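Accompanying notes for the structure given below.
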Ligand SMILES: [Zn+2]
């Protein structure tokens with residue numbers, strides 16, 4: 163049985179508490195919780211798989227109901243930023259919440275009022291995983307946000323970022339400067355507005371400084387090749403920058419960082435291991451950044467990765483658990499499916 167089939171069957175047939183087990187610390191978060199399972203299940207559903215799995219629709223309802231009744235009132239109804247801020251991975255989770263809120267409530271007033279400026283002011287954080295960039299990313303990829311609103315929020319993030327000293331922050335995607343650029347580039351793709359020269363020149367400066375340093379500054383050596391804090395994240399941002407600008411220097415940066423990630427990434431997860439690098443390669447092939455044969459390399463590496471899957475921290479998360487690997491497995495079995503890097507990049511049509 164294909165790996166993704168096994169995961170879909172499990173999500174459909176087991177009670178939620180058994181699906182996640184007792185060790186799920188963040189039951190609603192994309193990395194390890196319901197929202198991550200929803201990212202995967204909705205994608206499977208969008209590929210017209212309902213007839214293959216009659217239980218798919220009810221399973222999605224079940225996960226949505228758990229988020230709606232147990233989690234959303236907590237954060238969406240919070241009058242200030244406290245609960246939003248204290249929740250780990252809040253913007254990433256908020257993105258999922260925004261996505262289905264938009265689908266369910268036509269009334270814009272029912273949406274959470276968090277904005278880039280409010281989060282930047284109240285938390286002091288601009289980063290993607292836990293700060294203002296995550297809010298912009300949520301607006302951009304979360305559904306049908308009005309273009310004017312995305313442009314306004316992107317301008318606020320750009321101004322806040324450029325006002326900070328270049329040397330101040332960490333580089334990595336999840337908690338550093340590349341994550342801020344990632345949100346700005348995604349906003350540009352959605353609005354069709356060009357990215358400012360100031361943003362692009364600071365981005366080039368970040369890559370230059372990293373290459374001059376000769377080594378990747380990572381929180382932990384094991385994360386050097388990772389998506390969250392390492393070179394897979396740097397390759398992903400270079401791919402986005404190439405998509406937005408068509409500038410060949412970003413294509414070269416993508417290749418350099420991807421090669422380095424291929425040599426250094428360890429472990430199975432999307433977030434911290436080789437899973438993110440493999441998913442990025444599938445996206446890059448659709449973008450024309452890699453040849454079609456790269457898919458065979460991904461397939462071979464993925465088989466090795468599946469053997470390591472018991473190392474994953476919780477059963478069904480997307481970034482840190484089985485759902486992310488099931489997503490890659492689904493893509494490898496369905497070459498015709500559109501490819502996106504959930505949460506981080508818009509869909510690429512084949
Ligand atoms: Zn990670």
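Residue numbers (the working numbering): 163 to 512. The C-beta atom is built at its ideal place from N, Cα and C for all residues, glycine as well. As the structure is a prediction and not an experimental result, all values here were calculated from the model.
Neighbourhood of residue i by C-beta, 8 angstroms cutoff - its chain only, sequence neighbours within 5 removed
i, result
"residue 174", "215, 217, 218, 220 and 221"
"residue 241", "Residue confidence for residue 241 is low, a pLDDT of 40 falling below 50, so the modelled location carries little weight; the figure read from the coordinates is stated next. None."
"residue 322", "278, 279, 282, 288 and 294"
"residue 126", "The requested residue 126 does not occur in the structure, where the chain is confined to residues 163 to 512."
Alpha-carbon spacing of residue i relative to residue j, whole angstroms
i, j, result
"residue 265", "residue 226", "Model confidence at residue 265 stands at a pLDDT of 48, short of 50, so the residue's coordinates are unreliable and nothing is read from them."
"residue 462", "residue 285", "43 angstroms"
"residue 414", "residue 424", "15 angstroms"
"residue 194", "residue 477", "8 angstroms"
"residue 268", "residue 307", "Because the pLDDT at residue 268 is just 43, under 50, the model does not fix this residue reliably, and the value given afterwards should be weighed accordingly. Answer to the nearest angstrom: the Cα atoms are 11 angstroms apart."
"residue 318", "residue 359", "16 angstroms"
"residue 486", "residue 499", "16 angstroms"
"residue 203", "residue 432", "17 angstroms"
"residue 153", "residue 179", "Missing from the structure shown is residue 153; the chain here goes from 163 to 512 and no further."
"residue 361", "residue 325", "11 angstroms"
"residue 471", "residue 445", "22 angstroms"
"residue 489", "residue 408", "28 angstroms"
"residue 452", "residue 376", "25 angstroms"
"residue 383", "residue 331", "18 angstroms"
"residue 176", "residue 169", "11 angstroms"
"residue 482", "residue 166", "16 angstroms"
"residue 364", "residue 411", "14 angstroms"
"residue 439", "residue 370", "22 angstroms"
beta-carbon residue i near ligand 1 non-hydrogen atom, thresh 8 angstroms
i, result
"residue 390", "yes"
"residue 123", "Given that the chain is displayed from residue 163 to residue 512, the structure contains no residue 123 and the question cannot be resolved."
"residue 482", "yes"
"residue 336", "yes"
"residue 431", "yes"
"residue 467", "no"
"residue 200", "no"
"residue 485", "no"
"residue 385", "yes"
"residue 344", "no"
Identity of the residue in the options nearest residue i by Cα
i, options, result
"residue 458", "382, 387, 441 and 402", "441"
"residue 353", "325, 309 and 387", "309"
"residue 348", "491, 331 and 302", "302"
"residue 400", "346, 469 and 207", "346"
"residue 420", "429, 298, 393 and 170", "393"
"residue 437", "466, 211 and 177", "466"
"residue 387", "454, 428 and 497", "428"
"residue 502", "167, 209 and 165", "209"
"residue 417", "224, 168, 211 and 443", "443"
"residue 454", "402, 494 and 412", "494"
"residue 228", "200, 430, 205 and 207", "200"
"residue 211", "508, 504, 509 and 496", "496"
"residue 163", "404, 491 and 504", "491"
7 angstroms Cβ shell around residue i - same chain, five flanking residues per side excluded
i, result
"residue 333", "339, 340, 368, 372 and 379"
"residue 506", "344 and 398"
"residue 406", "347, 350, 351 and 357"
"residue 298", "278, 315, 316, 319, 345 and 349"
"residue 385", "391, 392 and 434"
Spatial neighbours of residue i in its chain, beta-carbon cut-off 6 angstroms, leaving aside the 5 residues before and after
i, result
"residue 198", "192, 479, 480 and 485"
| Inside the stretch 360-413 only - beta strand (DSSP E) runs reaching at least 3 residues | Within the stretch 360-413, no complete beta strand (DSSP E) run reaches 3 residues.
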